[in-house]
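Be aware that the sequence shown starts at 6, since it is given in this note's numbering, and climbs by one per residue.
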Amino acid sequence: MVEKSELQQFGDRVRTLRKDRGLSQEQLAERTGLHRTYIGGIERGERNVSLINIVRLAKALEVPPSDLLQGL
6 MVEKSELQQF GDRVRTLRKD RGLSQEQLAE RTGLHRTYIG GIERGERNVS LINIVRLAKA
66 LEVPPSDLLQ GL
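Structure representation (structure tokens):
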């Protein structure tokens, strides 16, 4: 079995938290000041997210930044 990369796991976590809050990618993008396509890239594990953007995502999702890194 192939393990998911850390980027894919992080993206899955962002997607799960976003959907749990009933947000679209567009809504999350607006809350973070990031582009919708960048959010999509994160969720697909295609983007290596900077610390600044991890903090933006965490604030928008109303979780501590550590929650986004949980299980990595």
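Note that beta-carbon positions come from the ideal geometry of N, C-alpha and C, so glycine has one too.
1. Please name the residue in ARG61, SER71, ARG49 and GLU67 whose C-alpha comes closest to that of GLN14.
2. Who are the near neighbours of VAL19 in its chain, counting only those whose CB is closer than 7 Å to its CB and skipping five residues on each side?
3. Can you list, in chain order, the residues of its chain whose CB lies under 8 Å from that of ALA34, leaving out five sequence neighbours each side?
4. Could you give the first and the last residue of the continuous alpha helix (DSSP H) run that contains ARG36?
5. In terms of residues, what are the limits of the alpha helix (DSSP H) holding SER71?
Taking the geometry as given:
1. ARG49
2. ILE47, GLU48, LEU62 and LEU73
3. Cβ neighbours of ALA34 within its own chain (closer than 8 Å, five residues either side excluded): HIS40, ARG41, TYR43 and ILE44.
4. 30-37
5. Secondary structure note for SER71: its alpha helix (DSSP H) is the uninterrupted segment 70-74.
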